[in-house]
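Step one of this worksheet: look at the structure below.
Numbering (the numbering used here), first residue to last: 5 to 167.
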(Lines of atoms letter the chains of each structure in order from A and count residues from 1; the text may use other names and numbers.)
(Lines give C-alpha, C1' and ligand atoms only; values in the text may rest on other atoms or scores of the structure.)
Protein backbone atom coordinates (compact mmCIF):
# COMPACT_ATOMS: atom_id res chain seq x y z
CA UNK A 1 0.00 0.00 0.00
CA UNK A 2 1.36 3.40 -0.90
CA UNK A 3 1.35 6.15 1.74
CA UNK A 4 -1.08 8.28 -0.25
CA UNK A 5 -3.57 5.37 -0.25
CA UNK A 6 -4.12 5.87 3.50
CA UNK A 7 -6.13 8.98 2.65
CA UNK A 8 -8.87 6.77 1.15
CA UNK A 9 -9.19 4.28 4.02
CA UNK A 10 -12.01 4.29 6.55
CA UNK A 11 -11.21 5.01 10.18
CA UNK A 12 -7.51 4.81 11.04
CA UNK A 13 -6.56 4.06 14.66
CA UNK A 14 -2.92 4.06 15.69
CA UNK A 15 -2.05 2.99 19.23
CA UNK A 16 1.43 4.27 20.02
CA UNK A 17 3.51 5.95 22.67
CA UNK A 18 2.99 9.65 23.30
CA UNK A 19 6.15 10.77 21.49
CA UNK A 20 4.81 9.52 18.16
CA UNK A 21 1.20 10.72 18.48
CA UNK A 22 1.90 14.22 17.14
CA UNK A 23 4.02 12.94 14.25
CA UNK A 24 1.41 10.37 13.23
CA UNK A 25 -1.35 12.99 13.50
CA UNK A 26 0.58 15.41 11.27
CA UNK A 27 1.18 12.73 8.63
CA UNK A 28 -2.49 11.74 8.56
CA UNK A 29 -3.53 15.41 8.27
CA UNK A 30 -1.09 15.86 5.38
CA UNK A 31 -2.97 13.04 3.62
CA UNK A 32 -6.22 15.01 3.89
CA UNK A 33 -7.69 13.11 6.81
CA UNK A 34 -9.58 14.65 9.73
CA UNK A 35 -7.56 13.80 12.85
CA UNK A 36 -9.21 13.83 16.26
CA UNK A 37 -7.46 14.71 19.52
CA UNK A 38 -5.47 11.68 20.73
CA UNK A 39 -7.46 9.33 22.96
CA UNK A 40 -5.87 8.11 26.20
CA UNK A 41 -5.58 4.48 27.15
CA UNK A 42 -4.96 4.75 30.89
CA UNK A 43 -3.42 1.65 32.49
CA UNK A 44 -2.15 2.35 36.03
CA UNK A 45 1.13 0.59 36.78
CA UNK A 46 1.72 -0.39 33.15
CA UNK A 47 4.99 1.43 32.42
CA UNK A 48 7.08 2.07 35.51
CA UNK A 49 10.45 3.83 35.39
CA UNK A 50 12.56 1.32 37.30
CA UNK A 51 15.57 3.65 37.31
CA UNK A 52 13.64 6.09 39.51
CA UNK A 53 14.66 9.07 37.37
CA UNK A 54 11.17 10.45 36.74
CA UNK A 55 7.45 9.79 36.68
CA UNK A 56 6.03 6.59 35.27
CA UNK A 57 3.93 6.79 32.12
CA UNK A 58 0.64 4.99 32.55
CA UNK A 59 -0.97 6.34 29.38
CA UNK A 60 -0.72 5.26 25.75
CA UNK A 61 -2.19 7.57 23.12
CA UNK A 62 -4.51 6.39 20.35
CA UNK A 63 -4.63 8.53 17.20
CA UNK A 64 -7.93 8.29 15.30
CA UNK A 65 -8.70 9.82 11.91
CA UNK A 66 -11.34 9.56 9.21
CA UNK A 67 -12.04 10.88 5.73
CA UNK A 68 -14.52 13.72 5.21
CA UNK A 69 -16.78 11.33 3.28
CA UNK A 70 -16.81 8.60 5.92
CA UNK A 71 -20.21 8.15 7.53
CA UNK A 72 -20.54 9.14 11.14
CA UNK A 73 -21.18 6.56 13.82
CA UNK A 74 -22.27 8.82 16.65
CA UNK A 75 -20.43 9.68 19.81
CA UNK A 76 -17.57 7.31 20.63
CA UNK A 77 -15.58 6.95 23.87
CA UNK A 78 -13.17 9.77 24.70
CA UNK A 79 -10.64 7.28 26.03
CA UNK A 80 -10.21 3.81 27.46
CA UNK A 81 -9.35 2.78 31.03
CA UNK A 82 -7.74 -0.51 31.97
CA UNK A 83 -9.68 -2.59 34.46
CA UNK A 84 -10.00 -6.15 35.76
CA UNK A 85 -9.23 -8.67 33.02
CA UNK A 86 -7.17 -6.19 30.99
CA UNK A 87 -3.78 -7.68 31.91
CA UNK A 88 -3.67 -10.50 29.35
CA UNK A 89 -0.86 -9.28 27.11
CA UNK A 90 0.93 -12.08 25.28
CA UNK A 91 4.28 -10.27 24.99
CA UNK A 92 6.14 -7.14 26.06
CA UNK A 93 4.53 -4.08 24.49
CA UNK A 94 1.37 -5.99 23.67
CA UNK A 95 -2.12 -4.62 24.05
CA UNK A 96 -4.92 -6.07 26.19
CA UNK A 97 -7.53 -8.08 24.30
CA UNK A 98 -10.36 -6.02 25.84
CA UNK A 99 -8.78 -2.79 24.55
CA UNK A 100 -8.48 -4.17 21.03
CA UNK A 101 -12.04 -5.55 21.23
CA UNK A 102 -13.20 -2.02 22.09
CA UNK A 103 -11.19 -0.29 19.34
CA UNK A 104 -12.17 -2.79 16.64
CA UNK A 105 -15.82 -2.57 17.71
CA UNK A 106 -15.84 1.25 17.89
CA UNK A 107 -13.98 1.98 14.62
CA UNK A 108 -15.06 -0.77 12.22
CA UNK A 109 -18.21 -2.60 11.27
CA UNK A 110 -18.97 -6.29 10.77
CA UNK A 111 -17.30 -7.52 7.57
CA UNK A 112 -14.82 -4.60 7.43
CA UNK A 113 -11.14 -5.26 6.78
CA UNK A 114 -8.76 -4.28 9.60
CA UNK A 115 -5.00 -3.86 9.04
CA UNK A 116 -2.42 -4.11 11.83
CA UNK A 117 1.05 -3.14 10.59
CA UNK A 118 2.78 -4.18 13.85
CA UNK A 119 0.71 -7.16 14.97
CA UNK A 120 3.05 -8.56 17.62
CA UNK A 121 1.14 -11.41 19.28
CA UNK A 122 -1.93 -10.84 17.09
CA UNK A 123 -4.32 -9.35 19.63
CA UNK A 124 -6.00 -7.14 17.01
CA UNK A 125 -6.51 -10.19 14.79
CA UNK A 126 -8.07 -12.10 17.69
CA UNK A 127 -10.43 -9.17 18.30
CA UNK A 128 -11.37 -9.15 14.60
CA UNK A 129 -12.19 -12.86 14.70
CA UNK A 130 -14.31 -12.41 17.81
CA UNK A 131 -16.21 -9.48 16.26
CA UNK A 132 -16.74 -10.68 12.69
CA UNK A 133 -14.12 -8.52 10.94
CA UNK A 134 -11.61 -9.56 8.30
CA UNK A 135 -7.95 -9.08 9.22
CA UNK A 136 -4.55 -8.52 7.63
CA UNK A 137 -1.48 -8.33 9.85
CA UNK A 138 2.23 -7.72 9.36
CA UNK A 139 5.03 -8.57 11.80
CA UNK A 140 8.81 -8.45 11.28
CA UNK A 141 9.67 -10.72 14.27
CA UNK A 142 9.36 -14.34 13.12
CA UNK A 143 8.59 -15.78 16.57
CA UNK A 144 5.93 -13.15 17.22
CA UNK A 145 4.48 -13.77 13.75
CA UNK A 146 4.19 -17.52 14.43
CA UNK A 147 2.54 -16.88 17.81
CA UNK A 148 0.08 -14.40 16.28
CA UNK A 149 -0.84 -16.79 13.46
CA UNK A 150 -1.61 -19.55 15.98
CA UNK A 151 -3.74 -17.23 18.11
CA UNK A 152 -5.62 -15.73 15.15
CA UNK A 153 -6.29 -19.08 13.46
CA UNK A 154 -7.63 -20.46 16.76
CA UNK A 155 -9.87 -17.41 17.21
CA UNK A 156 -11.33 -17.67 13.70
CA UNK A 157 -11.83 -21.44 14.17
CA UNK A 158 -13.78 -20.76 17.37
CA UNK A 159 -16.05 -18.30 15.57
CA UNK A 160 -17.68 -15.09 16.71
CA UNK A 161 -18.38 -14.76 20.41
CA UNK A 162 -20.42 -11.55 20.17
CA UNK A 163 -23.40 -10.72 17.98
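For glycine and all other residues, C-beta sits at the position ideal for the given N, C-alpha and C.
As the structure is a computational prediction, the values presented were derived from the model and not from experiment.
Have a look at residue i and residue j and give me their C-alpha separation to the nearest angstrom.
i: residue 124; j: residue 134; result: 18 Å
i: residue 109; j: residue 78; result: 13 Å
i: residue 112; j: residue 120; result: 13 Å
i: residue 86; j: residue 99; result: 11 Å
i: residue 149; j: residue 143; result: 6 Å
i: residue 23; j: residue 29; result: 11 Å
i: residue 74; j: residue 37; result: 10 Å
i: residue 27; j: residue 162; result: 38 Å
i: residue 69; j: residue 138; result: 20 Å
i: residue 34; j: residue 76; result: 21 Å
i: residue 146; j: residue 122; result: 12 Å
i: residue 32; j: residue 39; result: 7 Å
When DSSP builds the beta bridges, which residues end up paired with residue i?
i: residue 141; result: 120
i: residue 111; result: According to DSSP, residue 111 bridges with nothing at all.
i: residue 149; result: DSSP, once it has assigned bridges, lists no residue as partnering residue 149.
i: residue 85; result: 46
i: residue 63; result: 46
Give me, in chain order, the residues of the same chain whose beta-carbon lies closer than 6 Å to that of residue i; leave out the 5 immediate sequence neighbours on both sides.
i: residue 126; result: 152, 155 and 156
i: residue 1; result: Residue 1 lies beyond the stretch modelled for the chain, which goes from 5 to 167, so this question has no answer here.
i: residue 114; result: 136
Might you give, ordered along the chain, the residues of its own chain that have their beta carbon closer than 7 Å to the beta carbon of residue i, omitting 5 neighbours on each side?
i: residue 130; result: 101, 155, 156 and 159
i: residue 25; result: 42, 65 and 67
i: residue 52; result: 60
If residue i sits next to residue j, beta carbons under 8 Å apart, how far is it from one beta carbon to the other, in whole angstroms?
i: residue 49; j: residue 62; result: 7 Å
Taking 8 Å as the limit between beta carbons, can you name the residues of its chain near residue i, skipping five residues before and five after?
i: residue 81; result: 43, 106 and 110
i: residue 140; result: 117, 118, 119 and 120
i: residue 104; result: 127, 128, 130 and 131
Check whether the Cβ of residue i sits closer than 8 Å to any heavy atom of the ligand ATP, and report yes or no.
i: residue 76; result: With respect to the ligand ATP, the structure offers nothing, as it holds no ligand at all.
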